[in-house]
Amino acid sequence: MMANARITISGCQMLTKNTIEQNGSWQGYEGERMAYTGMGEYQIFYGNGRCTLEKPVIIVDAYDPLDQRDINELYTKELVYGSTSLGNVGDDLRTGTPKFDVVVLNFPVYLVDN
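Numbering (our numbering), first residue to last: 215 to 328.
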């Protein structure tokens, strides 16, 4: 199944969170009474020296039903090599050869109108 999405990009700044929203809605499997529109937030950490998405590595937040990890925490605390003194996987991907763009995708808790 091909995913359709509308991406809202606000400039080329790494400090800006952006949103992604599903076009249309989807009704789950058994037990779902209504269809929902999926939504997420993402941030692009471009490879050093670039301002275009060329070699993306997408990091998706794992099971986090209470949304206790935001994008900043995912990048700074979850992408470390066991200890912050050993470095950060995201930083290494962005500065290595080739330089990758790290996209962190989080699915925040949001309200749905019934």
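Just so you know, even glycine gets a beta-carbon here, dropped at the ideal spot from N, CA and C.
By the criterion of at least three beta-carbon pairs nearer than 8 angstroms, the region 232–243 is not in contact with the region 287–305. Note that the region 257–267 touches the region 308–319; at least 3 beta-carbon pairs, one per stretch, sit closer than 8 angstroms. Within the same chain, Ser-239, Trp-240, Gln-241 come within 7 angstroms of Ala-249 by CB-CB distance, once the 5 residues on both sides are set aside.
The three-state secondary structure of Glu-235, taken from DSSP, is strand. Arg-308 is the residue among Arg-308, Thr-290, Tyr-295 whose C-alpha sits nearest the C-alpha of Cys-265. The beta carbon of Ile-272 sits closer than 7 angstroms to those of Val-317, Leu-319, all from its chain and outside the five residues before and after it, given in chain order.
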